[in-house]
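Undergrad: Sharing a structure here in C-alpha cells format.
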Amino acid sequence: MRKKSAPASSNSLAFYVDQKRNSTPLDSALLLTYLSTLKTLSQALTSDPPRKAIHHNVSILSLSEQSASARIRGTGEMADLIRAFNWSDTPLGSIERWSETLISTVNLLLSFPFSFAIYFGEQQVLLYNDTFRPFLDTKHPAALGQPGADVWPEAWSILGPQIDAAFRQGQSFSTRKILLPIMVGDHLEDRWWTYGFHPIYEDDQIIGVANPGHEDTAEVLATRALRASEQKLSQVLNASNEAIVSVDRNWVMTYFNPTAMRLYSSDRNILGMTVWDAFPDAFAEGSPIREHYLRAMHDRISGSFDTYYPAPLNVWIHIEVYPTPDDGIVVFSRNITHEKQAQAALLQNEKLAAVGRLASSIAHEINNPLEAITNLIYLSRRSQNLTEVHEMLDTAEQELRRVSVIANQTLRFHKQSSRPREITCTELFSSVLSLYQGRLKNYSIAVQPRNRADKPVTVYEGDVRQVLNNLVGNAIDAMPSGGRLLVRNSQCHHCKTRAPGIALTIADTGTGIPEHQITRIFEPFFTTKGHGGTGLGLWISSEILSRHNGSIRIRSSQSPSHHGTVVRVFLPYENQPPPAPVAPSQTSTTAHPDTYSAATLPDTDLTPASLPATPPAPTPTLLATLAR
C-alpha cells in the first residue's frame, strides 16, 4: 500500500486515473477533460524554472502567493461557497495553504460540465460542483467541507468501502444504476445512481478520490413503469380470443399473440416472414385482404371486413386492421366459420318461411279466379241463352289468363340465374305486386305507382324480388284497416360513391315504427310483428343489397295526424354482384341515415308527414296501372 502525504505545498504534480480496473466508457468520457488539463498543468509545474513555465504555459501566477479569492476560479453558487467557506476548521486547512494539486483539482471541478465531486485527505472531505449539488437535496449546503461518512451515513456501508478501495489501494471503481437510499429531510428515499471512484495522485501518493456520476432515478422508475405496462399489455394480449398480429412497414410480421399462433402458424413458423410470402393466396390481386391492408399501410385508413381465408387456412375470418404510429399495421382477427354456418342455417330457414308465405299468397290469389271460373261454368250449363253463355265463357277465359299470369310470375319469382341480368323497375314491382293483389283489395289498400326510371339495372333478379316482396309484405301488414301504398322509382346518385343508380321507394300509411325500435330493425330475430314475424326478413334483405353494392334506408313516424313508414332501396346501374356467400354478414345489417340522394325525387315527396291518414278508393286494375 502506498504511503499518503499530507496536503502540503509541492512543486510537482502527477495525476492519473487508473482505467484498467472496472472503468466504463461513461467514466472515461467524464474524466477525459480532467486528465488532459492536469497533464498540461503537471508539465508546466515540472519545467525549469517552474514559475516561468507556468506563466508562459498556463498563464497563472504562483498559486502559493495568491489569496483565496484569486486561487479559486470559476463562477456560480459552489465557486462562491468554496471561496467564502472557513476551511481552516477542516482537515484541509485554509485555501492559502492548499497544495497546487488540490487547487487545480478544485478549479477543474468547478468548471466541469457534468456532476462531479471529490473526497480529499484521510477524512475524505467532500467538495462538489453546481451540477452535483441537486443530488444532495436537503444535505446542501451543510455537506460542503464535511467528511463523506458524515454526509452519507445512510449509504456509507456501500460507499465507504468503494472510496477506501480507491484511496488506499488505488483501485478504480464504477457502477451503473445502483440503488442507494438517500435521506431526504426526515425520510429515506430510494435513488438510483451511475457513478465511479478514481484515485487522484500527487507525485506517487494518493491524496484524494474523484467521483463523477449522475442520478438515474427518473429513468429507472420510467423503465419499471414501462415494463409493468408491457407486462399487463402482454397478459391482455395473451388472454385475448382475438388473433393479434403486428406487421412493420416492410410487411414483416413481428409479433403473434398465442391466439394468432394457433390460427395462422400452428404447423409452421412464419414469424419474421412477410405477409406476401406467408399467405400468397390471401394477398392475390383483387383480394379484400390485400385492399384493406394496403389502404391501412399506405393511406393510414383502418378497415373492418369479413372474408374467406384460402389455403392453408380455409376458414371464414373477421378482420380489423389499423395503422400504427411506427408506419406499420396491427391486425385483429377471429375465426367466424361457425358463425357463418349458423347464419347459413338461419338463411335457409328464412327462405323456407318465405316460400311458405309465398305459397299461401299464391293459393289465395289463384283460389279467387278458380272459384269464379267454377261458378261461371255452372251458370253457363244451365243457361239457354247462347249469347249469355258466350259472355260467361269470355269472363272465365279472362280469369284463366289471370291464373296463368300468377303462375308464370311465381315461376320467375325465386328462379335464380347463375349470372345477373338487366331488368327494369316496372318488371320488378309488377311481379311482386301481382302476388298481393287479393290482399290489397281485401284490405282496401290503394296502390299509387310512379315510374321515373326506365333504364334497367343489373341484378340477381330473384334476390331483388325477395327484397321487394319482403318490403311490400311488411307495408301491407302495417295497414290492416286500409291505407295507401306508394310504389315509386327514380334516378339518383349514391351520396358517398356518387355511382348512378335507381331509388326504389315503398311507403305506407300504416301505424309506423316506434323510435326506440327503428335502430334495431336490421338485427337478426328482432321483429315488430310479435309472434307473427321471424325477425330475419330485413336482416337478409340488407345483406342481399350489400352484395349488390346497394343500400337501404328506413324512416318512420307514429304521429296521430301523419303516420307511416318510408323505405328506400338504392341499386347502382352498373353492377356485378358476387355470388351469395355461405351466410350473410351481420356487420352490414345497419340502417343508413343517408345512403343516397335522389336526383328527381325530393325527400319531401315521400315522407311520412306527407301521407294522409284517410286512404282514397283502391285502384281496380293494379297491373294495368303499373304498365302505364
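Here the sequence shown is numbered in the working numbering, starting from 1138 and rising by one per residue.
Backbone N, C-alpha and C fix where the C-beta goes; we use that ideal spot for every residue, glycine too.
Small disclaimer: the values here were computed from a predicted structure and weren't measured.
Near TYR1580, what residues of its chain come up, given a Cβ to Cβ distance below 7 Å and the 5 sequence neighbours on each side ignored?
TA: Numbered from its first residue, the sequence shown carries residue 1580 at position 443. Taken in chain order, the residues that qualify are ILE1613, MET1616, PRO1617 and GLY1619.
Undergrad: Starting from PHE1304, trace the alpha helix (DSSP H) in both directions and tell me its first and last residue.
TA: Looking up residue 1304 in the sequence shown gives position 167. It spans 1293-1306 - the alpha helix (DSSP H) in which PHE1304 sits, taken as one unbroken run.
Undergrad: If I measure Cβ to Cβ from ALA1448 and keep anything under 7 Å in the same chain, skipping five residues before and after, which residues do I get?
TA: Locating residue 1448 in the sequence shown gives position 311, counting from the first residue. ASP1418, listed in sequence order.
Undergrad: Just how far apart, CA to CA, sit PRO1278 and ARG1361?
TA: Stepping through the sequence shown from its first residue, residue 1278 is reached at position 141. Stepping through the sequence shown from its first residue, residue 1361 is reached at position 224. Whole-angstrom Cα-Cα distance: 32 Å.
Undergrad: For the beta strand (DSSP E) holding GLY1440, just list the boundary residues, first then last.
TA: Here residue 1440 is taken as the residue at index 303 of the sequence shown, counted from 1. Per DSSP, GLY1440 belongs to the beta strand (DSSP E) from 1440-1446.
Undergrad: Between the alpha carbons of THR1744 and HIS1630, how many angstroms are there, rounded?
TA: Sequence index remark: in the sequence shown, residue 1744 carries index 607 (1-based). Sequence index remark: in the sequence shown, residue 1630 carries index 493 (1-based). Here THR1744 scores only 40 on pLDDT, less than 50, and its place in the model is too uncertain to base an answer on.
Undergrad: Leaving out the 5 sequence neighbours to the left and right, which residues in its chain are closer than 7 Å to TYR1256 when beta-carbon positions are compared?
TA: On the sequence shown, residue 1256 is found 119 positions in, with the first residue counted as 1. VAL1262, LEU1263, GLY1285, ILE1300, GLY1345, VAL1346 and ASN1348, listed in sequence order.
Undergrad: Rounded to whole angstroms, how far is the Cβ of SER1439 from the Cβ of ALA1433, which I believe are closer than 8 Å?
TA: Residue numbering aside, residue 1439 sits at position 302 when the sequence shown is read from its first letter. Residue numbering aside, residue 1433 sits at position 296 when the sequence shown is read from its first letter. Yes, they are in contact, since the Cβ atoms of SER1439 and ALA1433 sit about 6 Å apart, within 8 Å.
Undergrad: Rank SER1497, PRO1250 and THR1563 by C-alpha distance to the C-alpha of ALA1640 and give the top, closest one.
TA: To locate residue 1640, count along the sequence shown from 1; it is residue 503. The shortest Cα separation from ALA1640 among SER1497, PRO1250 and THR1563 belongs to THR1563.
Undergrad: For LEU1759, does the count of other Cβ atoms within 10 angstroms reach 16, so buried, or fall short, so exposed?
TA: One-based indexing of the sequence shown puts residue 1759 at position 622. Residue placement at LEU1759 is flagged as unreliable, the pLDDT there being 29, under the threshold of 50; the coordinate-derived value follows with that caveat. Burial call: buried.
Undergrad: Going along the chain, which residues of its own chain have a beta-carbon closer than 7 Å to the beta-carbon of ASP1464, five neighbours each way excluded?
TA: Locating residue 1464 in the sequence shown gives position 327, where the first residue counts as 1. For ASP1464, where only same-chain residues beyond five positions count, the Cβ hits under 7 Å are ARG1386.
Undergrad: Report the residue ranges of all beta strand (DSSP E) runs contained in full by the stretch 1222-1259; include only those spanning at least 3 residues, in chain order.
TA: The stretch 1222-1259 contains these whole beta strand (DSSP E) runs: 1253-1257.
Undergrad: For ILE1209, which residues in the same chain have their Cβ closer than 6 Å to its Cβ, ignoring the five residues on either side in sequence?
TA: For the purposes of this step, residue 1209 is taken as residue 72 along the sequence shown, with counting starting at 1. Cβ neighbours of ILE1209 beyond the five flanking positions: ILE1219 and ARG1220.
Undergrad: First and last residue of the alpha helix (DSSP H) that includes SER1679?
TA: Within the sequence shown, residue 1679 is the residue found at index 542, counting from 1. Run containing SER1679: 1674-1684, per the alpha helix (DSSP H) assignment.
Undergrad: Less than 8 Å between the beta carbons of HIS1335 and SER1309, yes or no?
TA: In the sequence shown, counting from the first residue as 1, residue 1335 sits at position 198. In the sequence shown, counting from the first residue as 1, residue 1309 sits at position 172. Cβ atoms of HIS1335 and SER1309: closer than 8 Å.
Undergrad: SER1196 to GLY1211, Cα distance in whole Å?
TA: In the sequence shown, the residue the question calls residue 1196 occupies position 59. In the sequence shown, the residue the question calls residue 1211 occupies position 74. Bear in mind that a pLDDT of 36 at SER1196, under 50, signals an unreliable position, so the number given afterwards is only what the model happens to contain. Answer to the nearest angstrom: the Cα atoms are 15 Å apart.
Undergrad: Exposed or buried, ASN1611, counting other C-beta atoms within 10 Å across all chains shown (16 or more means buried)?
TA: Walking along the sequence shown from the start, residue 1611 turns up at place 474. ASN1611 should be labelled buried.
Undergrad: Here's the rule: buried if 16 or more other CB atoms are within 10 angstroms of the residue's CB, otherwise exposed. What is PRO1395?
TA: Here the question's residue 1395 lines up with position 258 in the sequence shown. Counting Cβ neighbours within 10 Å, PRO1395 comes out exposed, since fewer than 16 surround it.
Undergrad: Do you know how far the Cα of ARG1705 is from the Cα of GLU1422?
TA: As a first step, residue 1422 is located in the sequence shown; it is residue number 285 there, counting from the start. As a first step, residue 1705 is located in the sequence shown; it is residue number 568 there, counting from the start. Roughly 34 Å between the two C-alpha positions.
Undergrad: Could you compute how far the alpha carbon of TRP1224 sits from the alpha carbon of GLY1282?
TA: Residue 1224 sits at position 87 when you count from the first residue of the sequence shown. Residue 1282 sits at position 145 when you count from the first residue of the sequence shown. Straight-line Cα distance between these residues: approximately 7 Å.
Undergrad: Nearest to TRP1329 by CA position, among ASP1323, ILE1319, TYR1338 and ILE1337, is which residue?
TA: Along the sequence shown, read from residue 1 onward, the residue named residue 1329 stands at position 192. Out of ASP1323, ILE1319, TYR1338 and ILE1337, ILE1319 has the C-alpha closest to the C-alpha of TRP1329.
Undergrad: Bridge partners of PHE1393, per DSSP?
TA: Counting from 1 along the sequence shown, the entry for residue 1393 is found at position 256. According to DSSP, PHE1393 bridges with VAL1382.
Undergrad: Please list the terminal residues of the continuous beta strand (DSSP E) segment that includes ARG1558.
TA: Sequence index remark: in the sequence shown, residue 1558 carries index 421 (1-based). Start and end: 1558-1560.
Undergrad: Could you tell me the alpha carbon to alpha carbon distance between PHE1442 and ALA1355, rounded to whole angstroms?
TA: Position 305 of the sequence shown, counting from 1, holds the residue named residue 1442. Position 218 of the sequence shown, counting from 1, holds the residue named residue 1355. Rounded to the nearest angstrom, the two C-alpha atoms are 44 Å apart.
Undergrad: Classify ASP1353: buried if its beta carbon has 16 or more other beta carbons within 10 angstroms, exposed otherwise.
TA: Counting from one through the sequence shown, the residue named residue 1353 turns up at place 216. Answer is buried; the Cβ neighbour count reaches 16.
Undergrad: Would you kindly work out how many angstroms separate the C-alpha atoms of THR1511 and ARG1589, rounded to a whole number?
TA: For the purposes of this step, residue 1511 is identified with residue 374 of the sequence shown, where counting begins at 1. For the purposes of this step, residue 1589 is identified with residue 452 of the sequence shown, where counting begins at 1. In a straight line, the C-alpha of THR1511 is about 41 Å away from that of ARG1589.
Undergrad: Tell me, please, which residues DSSP counts as bridged to ILE1650.
TA: In the sequence shown, counting from the first residue as 1, residue 1650 sits at position 513. DSSP lists no partner for ILE1650.
Undergrad: So, are the CB atoms of ALA1415 and MET1390 less than 8 Å apart?
TA: The residue given as residue 1415 occupies position 278 in the sequence shown. The residue given as residue 1390 occupies position 253 in the sequence shown. In contact: ALA1415 and MET1390 (Cβ atoms closer than 8 Å).
Undergrad: Which of the three DSSP states is assigned to ALA1419 in this structure?
TA: The count along the sequence shown starts at 1 and reaches residue 1419 at position 282. Coil at ALA1419, not helix or strand.
Undergrad: What does DSSP give as the partner residues of PHE1707 in its beta bridges?
TA: For the purposes of this step, residue 1707 is taken as residue 570 along the sequence shown, with counting starting at 1. In the DSSP output, where bridge partners are listed per residue, PHE1707 has ALA1640 and SER1688.
Undergrad: Spatial neighbours of VAL1526 within its chain, please: CB distance less than 6 Å, with the 5 preceding and 5 following residues excluded, ordered by chain position.
TA: To locate residue 1526, count along the sequence shown from 1; it is residue 389. SER1517 and SER1520, listed in sequence order.
Undergrad: What residue range is occupied by the uninterrupted alpha helix (DSSP H) comprising GLY1575?
TA: As a working note, residue 1575 is residue 438 in the sequence shown. Unbroken alpha helix (DSSP H) run through GLY1575: 1574-1579.
Undergrad: Report the option in ASN1607, PRO1593 and LYS1633 whose CA atom is closest to the CA atom of SER1627.
TA: Translated into positions along the sequence shown, residue 1627 becomes position 490. It is PRO1593.
Undergrad: Name the residue from PRO1462, THR1444 and LEU1523 whose alpha carbon lies nearest to the alpha carbon of HIS1455.
TA: Within the sequence shown, the letter at position 318 stands for residue 1455. Of PRO1462, THR1444 and LEU1523, the residue nearest in Cα terms is THR1444.
Undergrad: Going by Cα to Cα distance, which pick from ARG1690, SER1698, SER1694 and HIS1700 is closest to LEU1708?
TA: Working through the sequence shown from its first residue, we reach residue 1708 at position 571. Taking only the C-alpha atoms, the option nearest LEU1708 is ARG1690.
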